[in-house]
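Enquirer:
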Amino acid sequence: MANETMGIALGMIETRGLVPAIEAADAMTKAAEVRLIGREFVGGGYVTVLVRGETGAVNAAVRAGADACERVGDGLVAAHIIARPHREVEPALGNGNFLGQKD
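Okay, so the sequence shown: first residue is 195 according to my numbering, each after it adds one.
1. For A255 and G205, what's the separation of their Cα atoms in angstroms?
2. Quick check: what's the CA-CA separation for I298 versus L244?
3. What is the DSSP secondary structure of V241, reduced to helix, strand or coil?
4. Any idea what DSSP makes of R278, helix, strand or coil?
5. By how many angstroms is the C-alpha of A286 removed from the C-alpha of H280?
6. Which residue's Cα is closest to the Cα of G239: T249, D268, G247?
7. Could you give the distance in angstroms between the alpha-carbon of T223 and the alpha-carbon of R278?
8. Pull up the DSSP beta-bridge partners for E217, would you.
9. Can you tell me the Cβ-Cβ gap for A258 and L270, rounded? I've got them flagged as a contact below 8 Å.
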């Protein structure tokens, strides 16, 4: 990851199914000034959506995304924020499986 991500909060929502993940991503990007950086298909129908931004914005976005995901059904598995991920965590944040790119 580029240096621009250093010190920027990371928000994650894990869902059971793609529809709740899309709903969460939509709500997160509408609720606060965050950048949708990717999604991971974890397996077994689980999807994790990741956003980056300032800590307050990511906090608001993850709350909004979790609420939206719960309205879709029983899709929310977990929601978490890391205020300042350590640089050693950056390489683990994806394998090129980003939104807008083909797998």
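Think of the CB as a built atom: it goes at the ideal place given N, C-alpha and C, for glycine as much as any other residue.
Expert: Result, derived from the coordinates:
1. Within the sequence shown, the letter at position 61 stands for residue 255. Within the sequence shown, the letter at position 11 stands for residue 205. Cα to Cα, the separation comes out at about 8 Å.
2. Absent from the model: residue 298. The displayed extent of the chain is 195 to 297, so no value can be given.
3. Counting from 1 along the sequence shown, the entry for residue 241 is found at position 47. Looking at V241 - three-state DSSP - the assignment turns out to be strand.
4. Along the sequence shown, one-based indexing puts residue 278 at 84. It is coil, neither helix nor strand.
5. Residue 280 sits at position 86 when you count from the first residue of the sequence shown. Residue 286 sits at position 92 when you count from the first residue of the sequence shown. So the two alpha carbons sit approximately 11 Å from each other.
6. For the purposes of this step, residue 239 is taken as residue 45 along the sequence shown, with counting starting at 1. Cα-wise, what sits closest to G239 is D268.
7. The sequence position of residue 223 within the sequence shown is 29, counting from 1. The sequence position of residue 278 within the sequence shown is 84, counting from 1. Rounded to whole angstroms, T223 to R278 spans 20 Å at the Cα level.
8. Start at 1 with the first residue of the sequence shown, and residue 217 comes out as number 23. Answer by DSSP bridge pairing: none, since E217 is not bridged.
9. Position 64 of the sequence shown, counted from the first residue, corresponds to residue 258. Position 76 of the sequence shown, counted from the first residue, corresponds to residue 270. About 12 Å; that fails the 8 Å criterion.
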